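Engineer: In the order they appear, the protein sequences are chains X and P.
So the working numbering is basically just the index in the first sequence, starting at one, shifted up by 1.
So the working numbering is basically just the index in the second sequence, starting at one, shifted up by 4.
The structure under discussion is supplied below as structure tokens; questions concerning it will follow.
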Amino acid sequence: MTFAAFDFGDALDFIVNGRESVTGGVQIGGSHLLPQLWRHLELTGAAVGIACLVAIPLALWLGHVRKGQFAVASVANVGRAVPSLALIGFAVAYIGLGFPNALLALTLLAIPPIFVNTYVGVAQVEPEIVDAARGQGMTEVEIIRHVELPLGLPLIFGGVRTSVVNVIATATIAPLIGVVTLGDAIVSPQVYGDAGQLGAAVCVGVLAIAAEFTFALIQRAVTPKGLKVQRQRQAFTRRARPV
Amino acid sequence: MSWLEVFAQVEIHRRTDTCVNQNGFCPDWIVNNFSDRYVDPLFRHLELVLVSVAAGFVIAFALGIVAHRRRWLVGPIVGVTGVLYTIPSVAAFLLLIPITGFGLITAVIALTAYTLLIIFRNVVDGLNATPDEARDAARGMGLTDNQVLWRVEVPLALPEIFAGLRIATTTTVGLAALAFFAGAGGLGGLIFGDLVFKSNVVVAGGLCILMAFALDGLLLIAQRLLTPWVRARQA
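As structure tokens, this is what we get:
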């Protein structure tokens with residue numbers, strides 16, 4: 002365990018102070034991590050952003066007409082079954098290195114959770130509520146915008162949150178496809194050394210947890226008040242039930 | 005032909021095997037190299053997945069049973085396993101190396117940790133979803149709390165538990181592709197080893213995907229066999 006303490010101390014020193022690379026001549030770690038962090042966030046933001054633009058409208062519509070369960074289930078299954086490393090590997094082998102290619106791979110990775118959660122979020126809205134809205138004279142678009150979207154928002158943000166965390170994790174191996182993110186030290190230990198590799202792992206872990214908490218807060222903020230009250234009441238009755 | 009000429013021809017043949025040279029998708033190369041290169045990592049990958057999911061299931065199921073009786077435990081357990089689940093797998097493997105060393109154990113610990121949240125949540129939700137009438141009827145027949153749990157609640161929760169197990173298994177197949185960072189081998193090491201060679205990436209990546217679907221299918225079959233009443237009800 003004393004060795005472990007030493008390793009983590011050295012890794013923290015890499016993060017805070019930086020040092021010369023193992024191969025010599027280049028400064029690594031410390032403030033040189035900032036451009037990598039920025040690249041990591043840029044890639045993640047772009048991938049999740051595009052995934053939202055593609056997946057949310059389509060899933061809203063499918064959920065509204067309550068069709069395509071099979072397609073949604075397939076997207077969910079395939080999305081889970083393709084390992085992120087294999088996705089990056091396919092991209093490198095077939096379309097080559099570069100930011101746009103990395104972006105494409107990570108966007109494909111980000112789509113399934115957002116797509117599935119949006120679909121479920123809309124399709125789970127009780128039919129009586131939709132009928133009531135229709136009875137009040139709302140058009141289909143208005144029903145989606147003013148009824149199904151707000152009620153589905155917590156789940157939609159749950160999907161976005163899952164995607165953000167997944168993409169942050171996978172952007173760690175993006176240096177393999179030519180984008181220098183925080184994972185550079187992880188895939189090139191021969192340049193960064195063991196301390197650099199461990200230090201980068203610490204940074205990526207902290208980044209993912211920070212993103213998870215931020216999105217959990219946003220998710221709570223976008224939950225309609227009515228749903229919160231309903232959920233508390235459910236929790237209360239569930240707890241009150243004799244076990 | 006002297007041996008030198010033969011050797012030269014072989015060399016020329018290897019150098020002029022344009023498909024391999026151009027990192028293409030080469031069925032011949034795949035057939036010739038499959039058993040030497042891919043079979044051992046495939047079984048190592050399978051081993052990683054089966055051991056991790058089995059260990060995760062035992063832990064998460066036990067936690068689920070305990071938390072079912074003591075509801076206040078659900079929040080803290082979901083919180084802790086949720087944080088574990090959030091840490092990127094590559095980072096988790098590397099963070100564990102200074103503590104548990106370079107090798108299989110480290111990979112299994114991290115992969116097991118990732119299955120906990122999914123399985124635990126489904127076990128608790130499944131047990132919780134038992135209809136009150138079924139529970140009341142069981143109690144009315146004189147079953148003790150333990151009998152209600154094992155004869156009524158657990159069987160009725162099986163579909164939900166299996167759903168969790170299936171998600172955990174396919175997820176673990178994907179995460180195990182990064183276990184080579186912990187020194188545990190598997191198919192991911194092969195993908196990482198030659199990323200630009202299409203044949204290699206397609207075979208190694210394809211085997212991961214096939215494994216995920218195959219294990220998912222087996223679990224689905226097991227679920228059907230263990231819960232015959234579900235289909236009887238639907239019919």
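Note that CB positions come from ideal geometry on N, CA and C, so glycine has one too.
Since we're looking at a predicted model, the values are computed, not measured.
For residue 137 of chain X, does the three-state DSSP call read helix, strand or coil?
Structural biologist: If you number the first sequence from 1, residue 137 of chain X lands on position 136. Residue 137 of chain X falls in the coil class under three-state DSSP.
Engineer: Considering only residues of the same chain and omitting the five flanking positions on each side of residue 230 of chain P, which have a CB-CB separation below 7 Å?
Structural biologist: Position 226 of the second sequence, counting from 1, holds the residue named residue 230 of chain P. Hits under 7 Å: 162.
Engineer: To which residues of the same chain is residue 97 of chain P closer than 6 Å at the C-beta, ignoring the five residues directly before and after it?
Structural biologist: To locate residue 97 of chain P, count along the second sequence from 1; it is residue 93. Cβ within range, chain order: 114, 185 and 186.
Engineer: Compare the Cα-Cα distances from residue 183 of chain X to each of X/47, X/170 and X/195 and report the closest residue.
Structural biologist: Indexing the first sequence from 1 puts residue 183 of chain X at position 182. Considering only alpha carbons, the answer is X/170.
Engineer: Whose Cβ in chain X lies nearer than 8 Å to the Cβ of residue 243 of chain P?
Structural biologist: This structure gives no information on residue 243 of chain P, because the portion of chain P shown stretches from 5 to 239.
Engineer: Closer than 9 Å, Cβ to any Cβ of chain P: which residues of the segment 27 to 48 of chain X, in chain order?
Structural biologist: Residues of the segment 27 to 48 of chain X whose Cβ lies closer than 9 Å to any Cβ of chain P: none.
Engineer: Can you check which of these residues, P/25, P/61 and P/215, is closest to residue 50 of chain P by C-alpha distance?
Structural biologist: Position 46 of the second sequence, counting from 1, holds the residue named residue 50 of chain P. The shortest Cα separation from residue 50 of chain P among P/25, P/61 and P/215 belongs to P/215.
Engineer: Out of X/152, X/167 and X/62, point me to the one whose CA is closest to residue 212 of chain X's CA.
Structural biologist: If you number the first sequence from 1, residue 212 of chain X lands on position 211. Comparing Cα positions, the closest option is X/167.
Engineer: Taking only beta-carbon positions, decide if residue 86 of chain X is within less than 8 Å of chain P.
Structural biologist: To locate residue 86 of chain X, count along the first sequence from 1; it is residue 85. Taking Cβ atoms only, chain P reaches closer than 8 Å to residue 86 of chain X, which makes this a yes.
Engineer: Do the CB positions of residue 45 of chain P and residue 199 of chain P come within less than 8 Å of each other?
Structural biologist: Numbered from its first residue, the second sequence carries residue 45 of chain P at position 41. Numbered from its first residue, the second sequence carries residue 199 of chain P at position 195. Result no, Cβ atoms of residue 45 of chain P and residue 199 of chain P do not sit closer than 8 Å.
Engineer: Whose C-alpha, out of X/198, X/208 and X/227, is nearest the C-alpha of residue 14 of chain X?
Structural biologist: Here residue 14 of chain X refers to the residue found at position 13 when the first sequence is read from its first residue. Of the candidates X/198, X/208 and X/227, the one whose C-alpha sits nearest the C-alpha of residue 14 of chain X is X/198.
Engineer: Taking 8 Å as the threshold, find out whether the segment 124 to 132 of chain P comes into contact with the segment 57 to 70 of chain P through three or more Cβ pairs.
Structural biologist: yes
Engineer: In this structure, does DSSP put residue 174 of chain X in helix, strand or coil?
Structural biologist: Position 173 of the first sequence, counting from 1, holds the residue named residue 174 of chain X. Looking at residue 174 of chain X - three-state DSSP - the assignment turns out to be coil, as it is neither helix nor strand.
Engineer: Going by DSSP, what residues sit across from residue 29 of chain X in a beta bridge?
Structural biologist: Sequence index remark: in the first sequence, residue 29 of chain X carries index 28 (1-based). Note: residue 29 of chain X sits in a beta bridge opposite X/20.
Engineer: Are the CB atoms of residue 188 of chain P and residue 52 of chain P nearer to each other than 8 Å?
Structural biologist: As a first step, residue 188 of chain P is located in the second sequence; it is residue number 184 there, counting from the start. As a first step, residue 52 of chain P is located in the second sequence; it is residue number 48 there, counting from the start. Taking 8 Å as the Cβ cut-off, residue 188 of chain P and residue 52 of chain P qualify as a contacting pair.
Engineer: What does residue 175 of chain P touch in chain X if you count any residue whose Cβ is under 8 Å from its own?
Structural biologist: The sequence position of residue 175 of chain P within the second sequence is 171, counting from 1. Chain X residues near residue 175 of chain P: 81.
Engineer: Could you tell me whether the segment 47 to 57 of chain X touches the segment 168 to 187 of chain P, using the rule of 3 or more Cβ pairs below 8 Å?
Structural biologist: no
Engineer: If we ignore side chains and look at the alpha-carbon of each, how far apart do residue 18 of chain X and residue 193 of chain X end up?
Structural biologist: For the purposes of this step, residue 18 of chain X is identified with residue 17 of the first sequence, where counting begins at 1. For the purposes of this step, residue 193 of chain X is identified with residue 192 of the first sequence, where counting begins at 1. Straight through space, the alpha carbons of residue 193 of chain X and residue 18 of chain X are spaced by roughly 14 Å.
Engineer: Is there a Cβ of chain X sitting closer than 8 Å to that of residue 162 of chain P, yes or no?
Structural biologist: Here residue 162 of chain P is taken as the residue at index 158 of the second sequence, counted from 1. It does not: the Cβ of residue 162 of chain P has no partner Cβ on chain X nearer than 8 Å.
Engineer: In chain P, which residues lie with their C-beta within 7 Å of the C-beta of residue 216 of chain X?
Structural biologist: The count along the first sequence starts at 1 and reaches residue 216 of chain X at position 215. Going along chain P, no residue has its Cβ under 7 Å from residue 216 of chain X, so there is no contact; the nearest lies around 10 Å.
Engineer: My output table needs one value for residue 79 of chain P: the three-state DSSP class, helix, strand or coil.
Structural biologist: In the second sequence, the residue the question calls residue 79 of chain P occupies position 75. Here residue 79 of chain P sits in helix by DSSP.
Engineer: At a Cβ threshold of 8 Å, is residue 113 of chain P touching chain X?
Structural biologist: Working through the second sequence from its first residue, we reach residue 113 of chain P at position 109. So no, residue 113 of chain P is outside the interface.
Engineer: Would residue 197 of chain P and residue 183 of chain P qualify as a contact pair, given that the criterion is a beta-carbon distance under 8 Å?
Structural biologist: Counting from one through the second sequence, the residue named residue 197 of chain P turns up at place 193. Counting from one through the second sequence, the residue named residue 183 of chain P turns up at place 179. Against a cut-off of 8 Å, the Cβ pair of residue 183 of chain P and residue 197 of chain P comes out as no contact.
Engineer: Output yes or no for whether 8 Å exceeds the beta carbon distance between residue 131 of chain X and residue 144 of chain X.
Structural biologist: Counting from 1 along the first sequence, the entry for residue 131 of chain X is found at position 130. Counting from 1 along the first sequence, the entry for residue 144 of chain X is found at position 143. Cβ atoms of residue 131 of chain X and residue 144 of chain X: closer than 8 Å.
Engineer: Do residue 123 of chain P and the ligand NAP come close, with the Cβ less than 7 Å from some heavy atom?
Structural biologist: By its list of ligands, the structure shown contains no ligand whatsoever, and the ligand NAP lies outside what it can speak to.
Engineer: So if I threshold CB-CB distances at 8 Å, which residues from the segment 68 to 84 of chain P count as touching chain X?
Structural biologist: 72, 73 and 75
Engineer: If I measure Cβ to Cβ from residue 180 of chain X and keep anything under 7 Å in the same chain, skipping five residues before and after, which residues do I get?
Structural biologist: Mapped onto the first sequence, residue 180 of chain X falls at position 179. Here the set comprises 40, 44, 100 and 103.
Engineer: Under 7 Å between beta-carbons, which chain X residues line up against residue 92 of chain P? List them in chain order, please.
Structural biologist: Counted from its first residue, the second sequence places residue 92 of chain P at position 88. What residue 92 of chain P touches in chain X: 169, 170, 173, 205, 206 and 209.
Engineer: Please return the same chain residues whose Cβ sits closer than 8 Å to the Cβ of residue 240 of chain X, not counting the five positions on each side in sequence.
Structural biologist: Walking along the first sequence from the start, residue 240 of chain X turns up at place 239. Its pLDDT being 37, under 50, residue 240 of chain X is placed unreliably by the model, and the measurement read from it follows with that caveat. Excluding the 5 residues flanking it on each side, residue 240 of chain X has no same chain C-beta neighbour closer than 8 Å.
Engineer: Output the boundary residues of the alpha helix (DSSP H) element that contains residue 33 of chain P.
Structural biologist: Within the second sequence, the letter at position 29 stands for residue 33 of chain P. That run of the alpha helix (DSSP H) goes 31 to 37.
Engineer: Note down, in chain order, every chain P residue with its Cβ under 7 Å from the Cβ of residue 213 of chain X.
Structural biologist: Against the first sequence, residue 213 of chain X aligns to sequence position 212. Correct list: 90.
Engineer: From residue 127 of chain X to residue 155 of chain X, what distance separates their C-alpha atoms?
Structural biologist: What you label residue 127 of chain X is simply residue 126 of the first sequence in a count that begins at 1. What you label residue 155 of chain X is simply residue 154 of the first sequence in a count that begins at 1. Approximately 15 Å, taken between the alpha carbons.
Engineer: Flag this pair as yes or no: are the beta carbons of residue 124 of chain X and residue 200 of chain X separated by less than 8 Å?
Structural biologist: Here residue 124 of chain X corresponds to residue number 123 of the first sequence, with the count starting at 1. Here residue 200 of chain X corresponds to residue number 199 of the first sequence, with the count starting at 1. Taking 8 Å as the Cβ cut-off, residue 124 of chain X and residue 200 of chain X do not qualify as a contacting pair.
Engineer: Can you name the residues of chain X whose CB is closer than 8 Å to the CB of residue 102 of chain P?
Structural biologist: Along the second sequence, read from residue 1 onward, the residue named residue 102 of chain P stands at position 98. By Cβ distance, chain X contributes 4, 5, 8, 9 and 199.
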